[in-house]
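Each step along the sequence shown adds one to the number in the numbering used here, with nothing skipped, and position 147 is 624. Cβ coordinates follow ideal geometry from the N, Cα and C atoms, glycine included. Structure first, then comments.
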Amino acid sequence: MRDIVRKLYETANLTDAELKALILTDDADAAQLLREYADEVRQRWYGRKVFLRGLIEVSSYCKNDCLYCGIRRSNKDADRYRLDMEKIFQCAENGYELGFRTFVMQGGEDGFYTDDFMCDVISGLREKYPDCAITLSLGERSEESYRRMKEAGADRYLLRHEAASEELYSKLHPSELSLENRKQCLFTLKKLGYQVGSGFMVGAPFQTADHLVEDLRFLQELHPHMIGIGPFVPHHATPFAKENGGTLQLTLRLLGILRLMFPKVLLPATTALGTIAPNGRELGLQTGCNVVMPNLSPVNVRKKYDLYDNKICTGEEAAECRGCLQRRIESAGYEVAQERGDCIETNTQET
Ligand code: SAH
Numbered sequence: 478m479r480d481i482v483r484k485l486y487e488t489a490n491l492t493d494a495e496l497k498a499l500i501l502t503d504d505a506d507a508a509q510l511l512r513e514y515a516d517e518v519r520q521r522w523y524g525r526k527v528f529l530r531g532l533i534e535v536s537s538y539c540k541n542d543c544l545y546c547g548i549r550r551s552n553k554d555a556d557r558y559r560l561d562m563e564k565i566f567q568c569a570e571n572g573y574e575l576g577f578r579t580f581v582m583q584g585g586e587d588g589f590y591t592d593d594f595m596c597d598v599i600s601g602l603r604e605k606y607p608d609c610a611i612t613l614s615l616g617e618r619s620e621e622s623y624r625r626m627k628e629a630g631a632d633r634y635l636l637r638h639e640a641a642s643e644e645l646y647s648k649l650h651p652s653e654l655s656l657e658n659r660k661q662c663l664f665t666l667k668k669l670g671y672q673v674g675s676g677f678m679v680g681a682p683f684q685t686a687d688h689l690v691e692d693l694r695f696l697q698e699l700h701p702h703m704i705g706i707g708p709f710v711p712h713h714a715t716p717f718a719k720e721n722g723g724t725l726q727l728t729l730r731l732l733g734i735l736r737l738m739f740p741k742v743l744l745p746a747t748t749a750l751g752t753i754a755p756n757g758r759e760l761g762l763q764t765g766c767n768v769v770m771p772n773l774s775p776v777n778v779r780k781k782y783d784l785y786d787n788k789i790c791t792g793e794e795a796a797e798c799r800g801c802l803q804r805r806i807e808s809a810g811y812e813v814a815q816e817r818g819d820c821i822e823t824n825t826q827e828t
């Protein structure tokens, strides 16, 4: 197993069989070596820097019905909210003062956020914060919509592919959603010049090691600037309420694999990882991660952006997120970067 890890470190690739073996192994030695190599490669390209993204959760309304997600439309118990333009600007202002230089506007697919509305928000932010990156994570939209928002000043778009296998994708999503369209959106976003983030959940119901190999192969084809992965965490009011969640060990193993396969990629230590283990994000940082996305949403709506159970940083202490994260990052041996934190690879097709 150590030879496989070394080969991944040296060549940034493995055969399907080797990847599968590495995903399935419980060899602690191999996990340790993977962590060391992942940290070395991360430090080679990004030093000890950790980039912060201020996450503004704009809406918990969603027209979709993804089986794993707590804000799916058929969850009648969900407490819905949406932020208007003024609230979004307040969040950004607060974030800017706290030192954030990237704002991520994420939400359910909510028809309230028309292209006209979003373009006004984006151009307003662009004008007020010329030194900041504007990131969107609003799900699947038309090419025209993505183009207009790019022209208004958006820089990046996060859209996880969720599952690259048709068979698995269709078990996690209702039939009106298609993997083909999801992938098409990602290629369109890239073509339009967005820095693109994709990714998947680890340990989703029905997911096998073969499915994960397919996810890694799809990512090699897309070659995104950022890869967001986190454990699946069950939500009590979804069809997957009784399913097992993804594990810390498997998530860390995949993070290490991703860092070695995509040396220059931006790799967040996600909130879901911090939810399943108190030091989950710190362990992520030590296994190749170089991004953290603290919550900038107004404290009174944080519990309502309820994707999965026990989500961290949603209580009254939420206003302290920035300081708390800085301490966590430093305790893990890294430092908070002050800049926008773009991917150091500008043309991701060339490597
Ligand atoms: N509507 C946007 C944002 C979705 S929420 C979009 O479609 O991209 C952001 C991410 O949360 C999703 O991409 C999904 O991977 C993750 N997520 C949703 N439910 C989850 C759960 N139960 N456990 C872990 N992650 C979840």
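{"Item": "Runs of beta strand (DSSP E) wholly within the stretch 578 to 659 (minimum 3 residues, chain order)", "Value": "579 to 584, 610 to 614, 633 to 635"}
{"Item": "Collapsed DSSP secondary structure at leucine 510 in the structure displayed", "Value": "helix"}
{"Item": "Minimum C-alpha distance to glycine 572 - residue among Lys605, Tyr558, Ile548, Leu654", "Value": "Lys605"}
{"Item": "Any non-hydrogen atom of ligand 1 within 6 Å of phenylalanine 683 CB", "Value": "no"}
{"Item": "Spatial distance of methionine 703 from asparagine 552 (CA atoms)", "Value": "30 Å"}
{"Item": "Beta-bridge pairing of lysine 526 - partner residues as DSSP gives them", "Value": "Glu812"}
{"Item": "Buried or exposed by the 16-neighbour rule on C-beta atoms within 10 Å, applied to glutamine 763", "Value": "buried"}
{"Item": "Beta-carbon proximity of glycine 531 to phenylalanine 577, cut-off 7 Å", "Value": "yes"}
{"Item": "Rounded C-alpha distance that separates proline 740 from phenylalanine 709", "Value": "25 Å"}
{"Item": "Beta carbon of lysine 497 nearer than 7 Å to that of valine 690", "Value": "yes"}
{"Item": "Closer than 6 Å: arginine 637 CB and nearest ligand 1 heavy atom", "Value": "yes"}
{"Item": "Exposure of glycine 733, with buried meaning 16 or more beta-carbon neighbours within 10 Å", "Value": "buried"}
{"Item": "CB of cysteine 539 within 7 Å of CB of glutamate 586, strictly", "Value": "yes"}
{"Item": "Tyrosine 785 vs histidine 712 beta-carbon contact at 7 Å", "Value": "yes"}
{"Item": "Contact check, arginine 521 vs serine 537, beta carbons under 7 Å", "Value": "no"}
{"Item": "Supposed close pair glutamate 759, arginine 730 - CB separation, criterion 8 Å", "Value": "Between arginine 730 and glutamate 759 the Cβ distance is about 16 Å, and since that is not below 8 Å, they are no contact."}
{"Item": "Proximity to alanine 631 [Cα-Cα], best of Gln672, Arg659, Thr665", "Value": "Gln672"}
{"Item": "Nonlocal neighbours in the same chain, by C-beta distance under 7 Å from serine 675, ignoring five residues either side", "Value": "Leu636, Arg637, His638, Leu663, Leu696, Leu699, Pro701, Ile704"}
{"Item": "Run of the beta strand (DSSP E) containing leucine 532, from where it starts to where it stops", "Value": "531 to 536"}
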